[in-house]
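S.K.: I have a structure here, written as structure tokens, and I will follow up with some questions on it.
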């Protein structure tokens, strides 16, 4: 599958050691979150005030922050993966809580949608999170990505 989105895989690693499955998962989540933002009626005004590049930067930030929530769940510090309002508020400090709640709802929809694909995916990005992901290299060589 050829990727045509403003979010780039290289935003999720700084060196070869960071080309891990968890970072690939975060990249996929950023793409999913971006897609859900772009089709959300509740975020229509947000899209008119922000360029696709600005939205992509926010989705990247948010997806990277979600890695903390995944690790907290895996360490059993939380009963579930938490979509934390703080991840939005630190990026958009002038947002109201109501605005943040809209993002949380959309982020949850994107999360659930991605995890539904993960259920049948053989790559196991979360359970093998520290292993190297081949998809970063595939992406660099021709823009092809994904296991399914």
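In the numbering used here, the protein residues as written are 718 to 865.
Cβ atoms here follow ideal geometry from the backbone N, Cα and C, with glycine treated the same way.
#1: By DSSP, does residue 849 sit in helix, in strand, or in coil?
#2: Which whole-angstrom value describes the C-beta separation of residue 751 and residue 776, a residue pair presumed to lie in contact below a C-beta threshold of 8 Å?
#3: With which residues is residue 737 paired in a DSSP beta bridge?
#4: Return the chain-ordered list of same chain residues with a C-beta closer than 7 Å to the C-beta of residue 769, the five sequence neighbours on each side being excluded.
#5: Three-state secondary structure (DSSP) at residue 801?
#6: Take residue 812 and list the residues in its own chain whose beta-carbon comes closer than 7 Å to its own, dropping the five residues that flank it on each side.
M.R.: In brief:
#1: strand
#2: 4 Å
#3: Here residue 737 is bridged, per DSSP, to 849.
#4: 723, listed in sequence order.
#5: coil
#6: 805, 806
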